[in-house]
Every structure is written in structure tokens, then in C-alpha cells.
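Quick notes on the structure that follows.
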Amino acid sequence: MLNFKTTDRKDWVSHGFWLCAFLCFGLSISYSVNIPFLDDYGLVLDFLSTFTSAHSPLEKLQILGTPVNNHLIVTYYLLILMDYEIFGEIDFQHLIFAINLCYLAILYVIYRIFISTGIRPYYFIPVILLFSIPVYNLINWSSSGMHVLPVLFALLTILAFVRESKYPFTEACIYATLAALSSGGGMLAFICAVPFLLQRKNTKEWTIWILIFSSLLFIYVHNFGSMGHTFAAKEMITYVINLLVFFGTIFKPFYGDHHLWGIIFGFLILGGICWTFLFRWKFLKENPILLAGLALALALALLTTITRSQLGLGVTTAYRYRLYHMLPLIFLYLFLLKSRSRMDNRFYLILVSISVILYGFRMEDAWSVLQRQGHQLQMGMEVYRLTGSPDQLSYRSTLKAKEILTEASNKGHYHIPSGHKFDPLVYPGHGVHLQSMHYHLNQFKNESTFVVASGWAYPSFASSVNIDILFWVESKGQKLYFRTAPFLSNRVLMAKSDLSFLIILDKSRIPVDWAEVNFGLALIDPIRGITSETSIVLLN
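Numbering of the sequence shown is given in my numbering, commencing with residue 110 and proceeding in unit increments.
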């Protein structure tokens, strides 16, 4: 049996697992690109153009306080301005680096919360494994700051009350205010601090806390716009399912897109939280850290479900909310540790084993998605740079994206990357028998400075699952293969099909004789290598 207070097990084991967290950090940075993605166009480039055009400090202050989709994101705006002031222009890789630091800071703050309860670092290993993957759309997207920063400041609010500090209440006020100025969800920092204020029983602190909360709430209510949606009772089932799936999403690498399993896992986790409130209320009151953490996790789930379910089923499973998905498990785990003076060694090893398996599934999923997104962004920007067409820019209004990029470039706020060299793949080798394949082109241009092609390609007989599409260039017996990106649908900002492809090559960056070349497509399986190949036949 392991005892939290007297165990002789060396805590260096847990410190070794922190390497997983730094692996996550390094991996997400390595796949980041200096290209705007989704909200980056409006939240970063358009904001900077508007802010620098303001003529007075008061006008700039008003711009900082302008809500975005009913959220105040002042802290993220300040991060943007800091990068701009230091480097003279915006680099999205810098912002992603800062978001990754904040993500690591969240893990460290949770670690400090755990240690403050007397639990040894050894028992923190499952939490490290839960955090330590590069979450797509969370730590490789600069605008995810409006999801990362409020959680960081909300957890710092909890930590301020439990760590040894001369002025814990003052620190908590500062952190809670910063959380509220990071997004609407940050207002929950004021709610999760209530258990500590009840324990402290200080009328002056209560008065100050309520005044700050009321002032910020007034600002939100004053700026609150219409959501463009009227709630209907018949849609209640959508909200209920989305709430359950929200809690189960953390296990999605196990069950894929089968939301029934998400509902089952979610029901178990939500049931665990409800059980602690209903049957262990006295224990929670005696441990305000647990009460505050579980309240924050539950409130974030409810807020996300209420504000997003208008878009339909499954919207609460988005990668950008993965940090919210982690919190319920983390604080339930802390409750389990605190409610037991001892833990069976076998049970803990099983828990760690499950964490390792989940880590592996989530890492494999994240790695492939990170590669695909980075390549897609680079390909879309190359199309824009070489052809002037904004069709493959990752923004719902491509014309608006072009307008924002033009203004940012003219003002010197952002410089479009000079060109990406899409390195040819190492010749992967053919399988024993090449299968036939089909393709359809909706675009092919062989211009003097570039070649661009897009369309669909698929095998004639075999399954198209786990098949990647390559584009090859052959000149004087030399054949170079290039990885393609999926053709983007601007309506939903997703690939039109897994079988779609887009390729653009800057001829000046590829050393072949372009006077006499042949082009073609190939399908490659990650295990078997090239399974199908064909030349592109152009009809005059």
C-alpha cells in the first residue's frame, strides 16, 4: 500500500514524466507556421490595423475593450501588442510560442494546487500524461489564447487562496479580473472563489469581491449582443446530449466519431461530479480546493453547452475546448486522492497504464492532424502568393481575408512568407503490384513560374482509408514526389473530401528542367508505400 505522507518512493519518477510536457511543447512549436488561421485574420491582423489607426489613447482604450462575439479578450490583445512592439510586426509563431508557455503554466499551476493538498508529486503522473499532447486548434493556433488564458487566470485565482502568500485576497482579485478580461468564461473565476470566501468569513473581502464582479458583469451585459438564436424546448435533447458528450470527449481517440460512447463516458464523469456534490458535500466544504475546481469544471461545461449547442449536435467536442474537457477528470482525480488516505498500489498502476494508453492514442491523432494543418496553411498561402487567389485561405470570407492581408502588408504589420519550399519525399518504393486508380482534375495550370493542380484521386478497388495523395514531377528520368493538401471548402473550412488534393509548386525553388516534364499522381499507404500511380493526361 502507498501512503501519501510516508511513502519512500522517489518523486523523481514524476519529474521524469515532465519530459512529456516539454515534448508536447516542442512538437507544437515545430509544426507552427507564420500564417493566420481562422479568427487570426480578425482578432490579430484586423485588430492591429484598427488599433494603430486610432488617433487618441481613449479611442485605443475603447478598441481594447470592444467585445468579440460577446467576449472581452483584453489580455490576448495585450499579448498581440507586446509582440508587435518588440518585433515591429506580427509573427504568428511568436504568439503560438506564448500560448504554449501559458499551457505549460496551467499544468504547473495544477501541480501546485495538487502539492498544496499534501499529495506527493508521484501521484501527479496521470495529469501530466493527460495534458502532454499537442492539442490541435488549442496550442498550435494563436487565437486559442481566448481559451487558454481564462483557464490559466481562473486556476491562479484558486491557487492564490491556498499557497502561502502575504496578500492572497489581493492576488485573487487581480487574477479573477484578468480571467474576466480574457473571455466571458473567465467570469467563472469569481464563482470558483466563493468556497474560499465562505471559509474566510471576511465581510470586507465579500464586499470588494462582489463589487468587482458586478462591475465586470455590467460591462458584459452592457455590450452583450443578440446571439441570433431563440431557444426552443424541442431542442433540449440537443443540449443534453452535447453536455454529456462534452464530458466524454477526452476519450474520443478510443471511440472515434461514435458519439454513443461519448454519451456513456460523459454520463459516468458527470455522474461522478454529481455524486460528490450530493453525497460528499460535507467533505467538499471542508476542502474548498475540490469544491472550487469541480465548480469551475462544471460551470465551463454548462457555459460551452449553452452557448454552442445552437450550432447542432457534437459542437462541444471541438479541439479548442479540449482544455475544458480535461478539468473534470483532473479534479475528480484530486477528489479521489484526497478522500482516501491510502491508495492500492495495483489500482494506481492500472490508472497510470490507462493514462499511458490514452496518451499514445491522443498523441498519434494529434501528430497527424498537426502535420496536415500546417501543410494546408502553407499550401493555401502559396496559392495566394503565386496566383493572387484567396480561395484556399482559411477564412470563411476569402475576399475579406485578402482585404485584411493586403492592409496588414501595406501597413507593415505582417509580411506574407516569401515562399515555402515543399521538399520532395524520399522515393518510398513501389509495392509488388500497383493497382489502378482514378482521378479528376478541376484545375491544372502550368505557368511560367508555377504549376498548380487540384481535384480528386482514389484507388479503383482498394479502400481509400489511410491513403495519401502524392503529386509527382518527372524530368530527364528523375521523378520527384510531393505531398498534397486536401482541397479546402470555405463554407465549413474543412477538406471537401479525404480524396481531394491541392498542390502548387514554385518552379524557382525546385531544381528540375521545366522545359520538358511529365506530371502525375500517386497514392501511398503509410505501410505498403506507393500502391497506385498514373500520369496526368491533359486534353487540348
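No residue lacks a Cβ here, since even glycine has one placed at the ideal position from N, Cα and C.
Just so you know, these numbers come straight off a predicted model, no measurement behind them.
Can you list, in chain order, the residues of its chain whose CB lies under 6 Å from that of residue i, leaving out five sequence neighbours each side?
i, result
"His368", "Val354"
"Leu152", "Ser252"
"Gly402", "Phe440"
"Ser335", "The predicted model places Ser335 with a pLDDT of 48, which falls under 50 and marks its position as unreliable, so this point remains unresolved."
"Ala288", "Pro259, Phe262, Ala263, Gly295 and Ala298"
"Phe305", "Phe270 and Pro397"
"Asp148", "Ser252"
"Met472", "Ile242"
"Thr266", "Ala281, Tyr284, Ala285, Ala298 and Ala302"
"Phe223", "Phe233"
"Trp565", "His549, Leu608 and Ser609"
What residue range is occupied by the uninterrupted alpha helix (DSSP H) comprising residue i?
i, result
"Gln308", "Val303 to Arg309"
"Ser162", "Phe156 to Ser162"
"Gly402", "Pro397 to Arg417"
"Asn143", "That residue, Asn143, is in no alpha helix (DSSP H); it is neither H nor E in DSSP."
"Ser448", "Arg431 to Ser448"
"Ile350", "Met345 to Gly357"
"Lys530", "It is not in any alpha helix (DSSP H) - Lys530 carries neither H nor E in the DSSP assignment."
"Phe363", "Lys361 to Tyr364"
Residues in its own chain within less than 7 Å of residue i by CB, not counting five upstream and five downstream?
i, result
"Val646", "none"
"Ile172", "Thr159, Phe160 and Ala163"
"Asn396", "Lys447"
"Gly337", "Model confidence at Gly337 stands at a pLDDT of 42, short of 50, so the residue's coordinates are unreliable; what they give is reported in the following sentence. For Gly337, where only same-chain residues beyond five positions count, there are no Cβ hits under 7 Å."
"Pro235", "Tyr442, Leu460, Val461 and Ser464"
"Ile636", "none"
"Asn209", "Phe134, Ser137, Ile138 and Ile248"
"Tyr567", "Met546, His547, Ser573 and Leu608"
"His529", "Gln487 and Glu491"
"Leu268", "Val218, Arg221 and Ile222"
State the beta-bridge partners of residue i as determined by DSSP.
i, result
"Gly638", "Asp634"
"Lys588", "Glu583"
"Val560", "Asn555 and Leu614"
"Ile578", "Leu632"
"His180", "Val177"
"Pro568", "Met546"
"Thr643", "Leu630"
"Ser609", "Trp565"
"Ala207", "Its beta-bridge partners do not exist; DSSP assigns none."
What span of residues does the beta strand (DSSP E) with residue i cover, start to end?
i, result
"Trp384", "Per DSSP, Trp384 belongs to no beta strand (DSSP E); it is in the alpha helix (DSSP H), His368 to Phe388."
Taking Cβ to Cβ, would you say residue i is nearer than 9 Å to residue j?
i, j, result
"Leu154", "His524", "no"
"Ala298", "Leu393", "no"
"Leu614", "Phe531", "yes"
"Ala510", "Tyr212", "no"
"Ile199", "Ile215", "no"
"Trp581", "Glu491", "no"
"Val183", "Ser291", "yes"
"Val142", "Gly371", "no"
"Ile373", "Leu407", "no"
"Ser569", "Gln544", "yes"
"Ile321", "Phe278", "no"
"Gly489", "Ile195", "no"
"Arg417", "Asn519", "no"
"Ile578", "Leu534", "no"
"Tyr186", "Phe156", "yes"
"Val621", "Lys585", "yes"
Give me, in chain order, the residues of the same chain whose beta-carbon lies closer than 8 Å to that of residue i; leave out the 5 immediate sequence neighbours on both sides.
i, result
"Tyr430", "His256, Phe355, Thr358 and Thr413"
"Gly421", "Thr347"
"Met435", "Leu239, Phe240 and Ile359"
"Ser644", "Asn627, Phe628 and Gly629"
"Arg481", "Ala594 and Pro595"
"Ile378", "Phe356, Gly357, Pro437, Leu438 and Leu441"
"Ile328", "Gly174 and Leu181"
"Gln202", "Ile138, Ser141, Val142 and Asn143"
Self-check item: Ordered list of beta strand (DSSP E) runs contained in the stretch 488-519, each at least 3 residues
Solution: none
Exercise. Taking only runs that begin and end inside the stretch 215-281, name each unbroken alpha helix (DSSP H) of 4 or more residues, in chain order.
Key: 234-240 and 254-271
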